[in-house]
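When we follow my numbering, the leftmost residue of the sequence shown carries the number 54, and every step to the right adds one.
Even for Gly, the Cβ is constructed at its ideal location relative to N, Cα and C.
Heads up, the thing below is written out as structure tokens.
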Amino acid sequence: MFGKRTSSGKGRGDEPVYRSYKQCPDCLARMPLNATRCPECNQRVGEIQADGKALKPTDWKSYIVTAILFALFYFFVRWAFFT
Numbered sequence: 054m055f056g057k058r059t060s061s062g063k064g065r066g067d068e069p070v071y072r073s074y075k076q077c078p079d080c081l082a083r084m085p086l087n088a089t090r091c092p093e094c095n096q097r098v099g100e101i102q103a104d105g106k107a108l109k110p111t112d113w114k115s116y117i118v119t120a121i122l123f124a125l126f127y128f129f130v131r132w133a134f135f136t
């Protein structure tokens, strides 16, 4: 059987549901299970969840840039107001 087995998420126990596609979490377009980018909106997508939608991959670059900017802001405030 083609597709990926996931749970239904409807509270009916552990009966598996075979899916032959996954949905983009942003635009809800259908795509093959092995797709890494959405064909409609070109966003990166991950593995399939139980509800059939693809996981959004973590954008680590944004988290790192945000942490660096918060640190710079903290040191600027210390330098500007407490020295």
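Just checking my contact of residue i with residue j at CB under 8 angstroms: how many whole Å lie between their CB atoms?
| i | j | result |
| --- | --- | --- |
| E100 | A82 | That pair is no contact at about 17 angstroms. |
| P85 | Y71 | At roughly 14 angstroms, the Cβ-Cβ gap does not stay under 8 angstroms, so P85 and Y71 are not in contact. |
| P78 | K106 | 5 angstroms |
Once DSSP output is grouped into helix, strand and coil, what is the label at residue i?
| i | result |
| --- | --- |
| M54 | With a pLDDT of only 48 at M54, under 50, the local geometry of the prediction cannot be trusted, and no value is derived from it. |
Closest to residue i by CA distance: which of the options is it?
| i | options | result |
| --- | --- | --- |
| T111 | F134, Q76 and Q96 | Q96 |
| A88 | L122, K109 and R131 | K109 |
| C91 | A103, Q76 and G105 | Q76 |
Tell me which residue opens and which closes the alpha helix (DSSP H) that residue i is part of.
| i | result |
| --- | --- |
| A101 | Note that residue 101 is Ile in the sequence shown, not Ala. Taken as a continuous stretch (DSSP letters only), I101 belongs to no alpha helix (DSSP H), as it is neither H nor E. |
Pull up the DSSP beta-bridge partners for residue i, would you.
| i | result |
| --- | --- |
| R90 | R97 |
Consider the C-beta atom of residue i and the heavy atoms of the ligand HEM; say whether any pair is separated by less than 7 angstroms.
| i | result |
| --- | --- |
| F128 | The ligand HEM is absent from the structure shown, which contains no ligands of any kind. |
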